[in-house]
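**Q** Dropping the structure in here first, questions after.
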Amino acid sequence: MTSGRTPVIVVAGAGLTGLSAAFYLQLQARQEGREARIVLAEASGRLGGRIETLRKDGFTIEKGPDSFLGRKTAILELTQELGLLDELVTTNPKAAKTYIYQGGRLHPMPARLALGVPADMASFLKTELMDPQEKFRASQDFLTAPRPDDGRDESVGSLLERRFGRAMVERISEPLLAGIYAGDLYKLSLAATFPQFRQAELEHGSLIRGMRAPKAGGAPAAPDYVPAAARGGVFMTYRRGLRTLVDGLDEALGGIERRMETRIEAIRRSSGEAAPAYELELAGGETLAADAVVVTVPSQAAAALLEPLTDTAALRAVEYVSVANVVMAFREEDIADMAFDGSGFLVPRSEGRTITACTWTSSKWLHSSPDGRVLLRCYVGRAGAEEGALLPDGELIAAVRRDVRDTMGIEAEPLFTEITRLHRSMPQYPVGHVEAIAGLRAAMRRDCPGVYATGAAFDGVGLPDCIRQGREAARQIWASLS
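For the sequence shown, counting from 1, position 288 maps to 288 in the UniProt record's numbering; every step adds exactly one.
This is the structure we're talking about:
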């Protein structure tokens, strides 16, 4: 494709997916003895996208994502490659309990829930979150026949209501699962978010039996190379915050050409067989020739870049939800009446609160706060209820503090408050998303070989998913250049 020239590969976007793509493009080039000019173009002035760690007054505060699933090993493999394994930490084992706020008080979540599915029926039957009739309906999962294996996608809410009833969805499943996507379970694609549910239903005839099966819902053992101090928990982070990963990538990408505050306005095919395949128009009128392009910007921006080259209906179908989080720090003695004996609590839609959840950060992550201090992180906004995340600062803080008072009895003045607004940050995978994205990928291979689009809007919103997709993009690009 490059006629003996050193190929130019442009990565659009320096969030975690883009940084990972650049890292693995560089790594594969070194391993295979290949040469390339790799250009990282980022519209903003910073690396890392939504990852933002604030260190303040002895606190380590995550303003964006706060952790990752340790069972998704792409991030652990990258951590090893960057030499950062000793920075890994896991959650406080004494903070395993999670609550759900309902009817004016905090209720312990039933023990041994596998992604919200009860693996311990004895514990589930004791919960006060549902009445006896609602629990009986949920237990009918053992007797309900699976939906025929016709290959059709459905919503997460549709499957869970079919198996357990509406009350289970509203009281337990929705606050737990929708919190990951800030989404509406009745609109989220099952195949794109929790395909293991459908697999369990088909293989075991019951979601409960299926999720009890080995490896279905539990966390596998951490790889041998993970330090002992980081083992045992479902979630992990770094002792100095997630920015550790971005800083590690920043250092590792020393040979990459960076174009910060550089927005790509258009991607066009070049003319002439000897020329690079594509010409990128940058804001301000400058152009950049490229043999291959990795597009990792959000879906609507990616669709605008790709529309002249191929059909982008699959990307246009991915909507985004705006959320915010409000972090508050307190003196321990000022809120001594509250026992932080878990990781926090979730709030169902039916409660009509501004906050959707509250993480007791200083309890969940022991490295996050100095002695004698308590750190809380409240989440605001979800699909169909984004107005809270858009409130002016004063009104948002007042609403959150009102909920903190009503749910936990905390009336003390915080030492400080930090607000983070994440506008259009949570992609919502519609029913049929997996098939639609597969069609987009096939169309791009046909219509614009050498251009690869990926990121949170495609195949997973978690940090490990973004890294995995960046690594796969690098492989695809090098394959296209062979």
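Glycine included, C-beta positions come from ideal geometry on N, C-alpha and C.
Classify Gln31: buried if its beta carbon has 16 or more other beta carbons within 10 angstroms, exposed otherwise.
**A** Counting from one through the sequence shown, the residue named residue 31 turns up at place 31. The residue is exposed, with fewer than 16 neighbouring Cβ atoms inside 10 Å.
**Q** Going by beta carbon distance, what residues of the same chain come within less than 8 Å of residue 484, once the five residues before and after it are set aside?
**A** For residue 484 there is no data in the structure shown, the boundaries of the chain being 1 and 482.
**Q** Tell me whether Ser322 sits in a helix, a strand or coil according to DSSP, three-state version.
**A** On the sequence shown, position 322 is the one that residue 322 refers to. DSSP places Ser322 in strand when its eight states are reduced to three.
**Q** So is Ser271 buried or exposed if we call it buried at 16+ other beta carbons inside 10 Å?
**A** The residue given as residue 271 occupies position 271 in the sequence shown. Answer is exposed; the Cβ neighbour count stays below 16.
**Q** Just grab the DSSP bridge partners of Met408 for me.
**A** Residue mapping note: residue 408 aligns to position 408 of the sequence shown, counting from 1. Note: Met408 sits in no beta bridge, so no partner.
**Q** Would you kindly report the start and end of the unbroken beta strand (DSSP E) that includes Gln24?
**A** On the sequence shown, residue 24 is found 24 positions in, with the first residue counted as 1. Residue identity check: residue 24 is Tyr in the sequence provided, not Gln. No beta strand (DSSP E) holds Tyr24; the alpha helix (DSSP H) holding it covers 16 to 32.
**Q** Is the distance from the Cβ of Phe458 to the Cβ of Gln476 below 8 Å?
**A** The residue labelled residue 458 in the question sits at position 458 within the sequence shown. The residue labelled residue 476 in the question sits at position 476 within the sequence shown. Cβ distance not < 8 Å, so Phe458 and Gln476 don't count as in contact.
**Q** Excluding five sequence neighbours on each side, which residues of the same chain lie with their C-beta closer than 6 Å to the C-beta of Ser369?
**A** Locating residue 369 in the sequence shown gives position 369, where the first residue counts as 1. Same-chain partners within the cutoff: Phe59, Ser362, Leu375.
**Q** Excluding sequence positions up to five away, which residues of its chain have a Cβ less than 7 Å from the Cβ of residue 483?
**A** There is no way to answer for residue 483, as the model of the chain reaches only from 1 to 482.
**Q** Return the residue from the list Ala324, Asp371, Cys448 that minimises the CA-CA distance to Leu391.
**A** For this step, residue 391 is matched to residue 391 along the sequence shown. Minimum Cα distance to Leu391 is reached at Ala324.
**Q** If you drop the 5 nearest sequence neighbours on each side, which residues of the same chain put their C-beta closer than 8 Å to that of Glu332?
**A** For this step, residue 332 is matched to residue 332 along the sequence shown. If we look at Glu332 and ignore the five residues flanking it on each side, its Cβ neighbours are Gly372, Arg373, Val374.
**Q** Would you decide whether Glu387 is buried or exposed? Buried here means 16 or more other CB atoms lie within 10 Å of its CB.
**A** For the purposes of this step, residue 387 is taken as residue 387 along the sequence shown, with counting starting at 1. Exposed, because fewer than 16 other Cβ atoms sit within 10 Å of the Cβ of Glu387.
**Q** Tell me, to the nearest whole angstrom, how far the beta carbon of Trp365 is from that of Phe340; I am working on the premise that it is less than 8 Å.
**A** In the sequence shown, the residue the question calls residue 365 occupies position 365. In the sequence shown, the residue the question calls residue 340 occupies position 340. Between Phe340 and Trp365 the Cβ distance is about 12 Å, and since that is not below 8 Å, they are no contact.
**Q** Just to confirm the assignment, what range does the beta strand (DSSP E) spanning Met130 have?
**A** In the sequence shown, the residue the question calls residue 130 occupies position 130. Note, Met130: premise wrong, no beta strand (DSSP E); not H, not E.
**Q** Report yes or no: do the stretch 277 to 290 and the stretch 261 to 269 share at least 3 C-beta pairs separated by less than 8 Å?
**A** Result yes; three or more Cβ-Cβ pairs closer than 8 Å.
**Q** Here's the rule I'm using: 16 or more other beta-carbon atoms within 10 Å means buried, otherwise exposed. How should Ser482 be labelled?
**A** As a working mapping, residue 482 is identified with position 482 in the sequence shown. So Ser482 counts as exposed.
**Q** Under the assumption that Ile289 contacts Pro276 (Cβ atoms under 8 Å), give the Cβ distance between them as a whole number of angstroms.
**A** Along the sequence shown, read from residue 1 onward, the residue named residue 289 stands at position 289. Along the sequence shown, read from residue 1 onward, the residue named residue 276 stands at position 276. The sequence given here places Ala at residue 289; Ile does not occur at that position. Confirmed, about 4 Å.
**Q** Find out if the Cβ-Cβ distance for the pair Pro110, Lys97 is shorter than 8 Å.
**A** For the purposes of this step, residue 110 is taken as the residue at position 110 of the sequence shown. For the purposes of this step, residue 97 is taken as the residue at position 97 of the sequence shown. Going by C-beta atoms, Pro110 is not nearer than 8 Å to Lys97.
**Q** Determine which residues share a DSSP beta bridge with Val169 and list them.
**A** As a position in the sequence shown, residue 169 is number 169, starting the count at 1. Answer is none; Val169 lacks a bridge partner.
**Q** Using 10 angstroms around the beta-carbon of Ser322, count the other beta-carbons present and answer buried if the total reaches 16, otherwise exposed.
**A** Residue mapping note: residue 322 aligns to position 322 of the sequence shown, counting from 1. Answer is buried; the Cβ neighbour count reaches 16.
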